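The structure appears right after this line, and notes come after that.
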Amino acid sequence: MKVNTAPEQKSNLYCPSLTAYQRRETITINIGDIPMGSAYPIRVQSMTTVDTMDTQGSIDEVIRMVDSGCEYVRITAPSVKEAQNLENIRNGLRRSGIQVPLIADIHFTPNAAELAARIVEKVRINPGNYADRKRFEIIDYTDASYAAELERIREKFIPLVKICKEYGTAMRIGTNHGSLSDRILSRYGDTPLGMVESALEFLRICEEFNYFNIALSMKSSNTQVMVEAYRLLVQRLDEEGLKPYPLHLGVTEAGEAEDGRIKSAVGIGTLLEDGLGDTVRVSLTEAPEKEAPVARALIERYTVRTPHDFIEPVEHIPINPFQYARRDTDEVYNLGHMNVPRVVADYSGIPVQELSDLKSIGHFFLPVPDKWAMNDQGADFIYTGKNPVPFMLPNGLKEILDQDQWLVHPERSNKFPLFSVKEWIEADPDQVSESLNFIRGNIHTFQSEFLESVRSADHVVLIAFTDNEHAMPELRRFFYKLAERKIRVPVIIQRKYPVSMPDKLTLYAATDIGGLLVDGFGDGTLLMPQFDGFEDHAEKLGYAAGFNSIAFGILQAARTRMSKTEYISCPSCGRTLFDLQETTAMIRKHTEHLKGVKIGIMGCIVNGPGEMADADYGYVGMGKDKIALYRGQEVIKRSVTAAKAVEELIELIREDGRWIEPEEREILV
């Protein structure tokens, strides 16, 4: 029998506080000389990419990772020979004065795990692969046959538990969304509940033997699933009276560059906001030493989070935090209800002078044939404040003006006004737009009386901002307020960031806005740059382009608006059978124009088809110079040579009628 919903909850609260920043209290686990748990700082870790049998190459890479900020280093051990070589790597590091704890990454090989547990400080096992079966088959288990499978797993797992306990070795029970066993999938479905139960089955065995030196993880390449699974895990641990184990946070196969950082922040940052998480691994398709600084930037934000402004506490969440559902609103103009979230570009500090000034937000004027064009990241609205655009805008872009400017503009019917709450209350009926009005405020100015006054308005959209250091929870508290009162007015999320913090900007914005989107909140974004004295017009336009790209990236990472090709690419490890960075770049070059298509690029089969659960197509290493091509989770072609694999992938997409030729317009490149 398949179970698709979580059991009835006593409470849907899943963290110490949804409004006051407070880190979840956990037990302490010992990993070498660097303990993990709530009494200690949130730790940074990453994983090597060099072949584990390359001893010196692995040592050199670990040293680079430690220099970049890694506190734990994970190394794959796919077989006994790699597990044995961990000792040589460890000894070489110790001779170099490097004491970093090592973690053996185990999937299908219990004997490798049992050997590694005697050598390194921690082992990671994946319940979906370790002593379980993955054949992508749906089996109708009876209670008896299910119990028999559990007993078989128990017999294979107990030896590792005993060894870890004897040697003082820590363990991570790390569930991956894409590698749930056929047994779990058959009973619980491809759900966060299935992920949680997969880990709990192994955890209960550990507790039976009084072995508690354990961290837990619930990883997925889908940020919504990842966030829901961690929340449900914490809630289930508490309900069952199990120990509050530390959490390892990560988004699998996040990708590369800006997209990879945004996706990581949406998942990891959302949980850190609620005080969940004790170690972080950011999985980028880049050199592993590039991952630790990103993880550190996410973590350090919370060392200065308290004290922050008071936010009214929450005793019961008015939504289901364990299952995604978008907040349903009334439709106002082209916002809310079934419309995708809209992107509002802020040009209030960038006076528009030329047609080309709009190129930064995806709108291009083509002198021949004398018309506008728009790319996949064309903003929906442009907020110009007190500086109206001096020419006619393209049809796909609408202008928002401050109310006083809108009142005197000769083209009021084609523009939309932005009010403060006070201006809206004081405005006469003939001083508002008949079709669309924006009202900006925060949780303090959007008081109950005001919200009731706009409850039935069919021409109002709210723009919600916050000045609270605990920004995302205060904005979320406002959305809870709307849900509690069943007010269906659409809401745009506004956040301001200095342009002087480019690296952190991406991570902070993805956390603050993405954390709301994964809960189904928000009908659009308004990212506002603070120029901090920058006056150069061209430089400001460059920042506008960056903010626009981040806004679309956040919407895509949160699975709320697909505007470009998505690459679910793993971060590489010693199992990888080709150069992931080079291959990802090559595939991107040929396919990045395929709007909304998701392509998985996996170095090996361990998490391959499973972690591509979200992907439309897959490119997976299966041997030296051998690639398997997938449609969803189905293998379509095996043993394709690497030289022909991209061409064959394109042909597969073409067969499905999803291939379009890249546009030749140079201006859009």
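Sequential numbering from 1 applies to the sequence shown in UniProt numbering.
Here a beta-carbon is modelled for each residue, glycine too, at the ideal position from N, C-alpha and C.
These numbers come from a predicted model, not from an experiment.
Presumed contact (8 Å Cβ cut-off) between residue i and residue j, rounded CB distance
i, j, result
"LEU397", "ALA379", "6 Å"
"LEU475", "ILE487", "Between ILE487 and LEU475 the Cβ distance is about 15 Å, and since that is not below 8 Å, they are no contact."
"THR169", "ALA117", "5 Å"
"PRO341", "THR49", "Contact flag wrong, Cβ pair sits at about 36 Å."
"ARG43", "THR279", "4 Å"
"VAL640", "GLU651", "Not a contact, Cβ separation roughly 11 Å."
"ILE311", "HIS470", "6 Å"
"ASN85", "MET53", "6 Å"
"GLY441", "SER420", "7 Å"
"ASN140", "SER186", "For clarity, residue 140 is Asp in the given sequence; the question names Asn instead. Going by Cβ atoms, the distance from ASP140 to SER186 rounds to 7 Å, so yes, they are a contact pair."
"VAL602", "GLY632", "A small correction: the amino acid at residue 602 is Met; Val does not occupy that position in the sequence shown. About 14 Å separates the two Cβ atoms, so there is no contact after all."
"VAL196", "ARG236", "6 Å"
"PRO293", "SER68", "6 Å"
"PHE465", "PHE521", "That belief does not hold up - the Cβ atoms of PHE465 and PHE521 are roughly 14 Å apart, past 8 Å."
Closest Cα partner of residue i within the set the options
i, options, result
"ALA113", "LYS504, ILE139, ALA77 and ARG95", "ALA77"
"GLU634", "LEU200, TYR619 and GLY623", "TYR619"
"LEU284", "ALA39, LEU649, HIS537 and MET47", "MET47"
"PRO313", "ASP238, PRO16, ALA628 and ALA615", "PRO16"
"TYR211", "GLN235, PHE202 and SER96", "PHE202"
"GLY542", "GLU582, GLY362, ALA457 and VAL491", "GLY362"
"TYR245", "VAL225, ILE139, LEU200 and TYR324", "LEU200"
"ASP51", "SER38, GLN45 and ARG74", "ARG74"
"ALA557", "LEU18, PRO498, ALA83 and MET226", "MET226"
"PHE552", "GLY514, PHE534 and GLU582", "GLY514"
"ARG326", "GLU25, LEU516, PRO101 and THR591", "LEU516"
"LEU271", "HIS248, GLY260 and GLY524", "HIS248"
"GLN224", "LYS263, LYS243, ALA257 and ASP259", "LYS263"
"GLU655", "LYS644, ILE636, THR641 and ALA642", "ILE636"
"TYR324", "GLU228, PHE450 and SER179", "GLU228"
"ASN213", "LEU237, ARG231, SER179 and CYS164", "CYS164"
"LEU482", "GLN447, PHE465 and LYS496", "GLN447"
"PRO192", "TYR230, SER181, CYS206 and TYR167", "TYR230"
"PHE450", "GLN405, TRP424, ASP430 and ASN437", "TRP424"
"ALA39", "GLY277, THR142 and THR252", "GLY277"
"ILE653", "ALA643, PRO390, HIS593 and TRP406", "HIS593"
"LYS290", "THR19, SER11, ASP370 and GLU256", "GLU256"
"GLY250", "SER453, SER220 and ASN375", "SER220"
"ILE660", "PRO351, THR591, ARG95 and ASP370", "THR591"
"SER145", "HIS537, ARG183 and PHE479", "ARG183"
"GLU208", "MET218, GLU239, LYS243 and SER198", "LYS243"
"ILE98", "HIS537, SER79, GLY128 and MET65", "MET65"
"GLU452", "GLU426, TRP372, ASP536 and ARG485", "ARG485"
"ARG152", "ARG588, ASP519, MET528 and TYR130", "TYR130"
"ASP614", "SER179, ILE119, PRO127 and ASP105", "SER179"
"ASP519", "PHE322, GLU166 and GLY260", "PHE322"
"CYS70", "VAL80, ILE103 and GLU87", "ILE103"
"ARG166", "ALA373, LEU115, ILE34 and VAL352", "One point to set straight first is that residue 166 is Glu, not Arg, in the sequence displayed. Among ALA373, LEU115, ILE34 and VAL352, the Cα nearest to that of GLU166 is on LEU115."
Cβ-Cβ distance between residue i and residue j below 8 Å
i, j, result
"GLY275", "TYR617", "no"
"ARG477", "ILE443", "yes"
"ALA265", "ARG281", "no"
"ILE173", "LEU233", "no"
"GLY600", "ILE568", "yes"
"LEU418", "HIS409", "no"
"PRO101", "GLU82", "no"
"ASP532", "VAL499", "yes"
"THR511", "MET472", "yes"
"PRO502", "ASP523", "no"
"ARG559", "ASN222", "yes"
"PRO110", "LYS162", "no"
"LEU555", "TYR383", "no"
"LYS595", "LYS564", "yes"
"PHE416", "ASN437", "yes"
"TYR14", "GLN45", "no"
"ILE158", "ILE125", "no"
"GLN581", "GLU253", "no"
"MET528", "ASP370", "no"
Entirely enclosed alpha helix (DSSP H) segments - the region 388 to 432, minimum 4 residues: 403 to 408 and 421 to 426
Cβ pair count under 8 Å reaching 3, the region 503 to 512 against the region 540 to 560: yes
Cβ pair count under 8 Å reaching 3, the region 86 to 95 against the region 315 to 322: no
Touching by the beta-carbon criterion (3+ pairs, under 8 Å), the region 293 to 311 and the region 451 to 461: The region 293 to 311 is not in contact with the region 451 to 461.
Segment contact flag, the region 326 to 343 with the region 369 to 383, C-beta cutoff 8 Å, min 3 pairs: yes
Inside the region 474 to 504 only - beta strand (DSSP E) runs reaching at least 3 residues: List check, beta strand (DSSP E) in window: 491 to 498.
Segments of 3+ residues assigned as beta strand (DSSP E) that fall wholly inside the region 152 to 223: Counting only runs of 3 or more residues that sit fully inside the region 152 to 223, the beta strand (DSSP E) segments are 170 to 176 and 214 to 219, in chain order.
Complete runs of the alpha helix (DSSP H) confined to the region 530 to 565 [at least 4 residues]: 537 to 557
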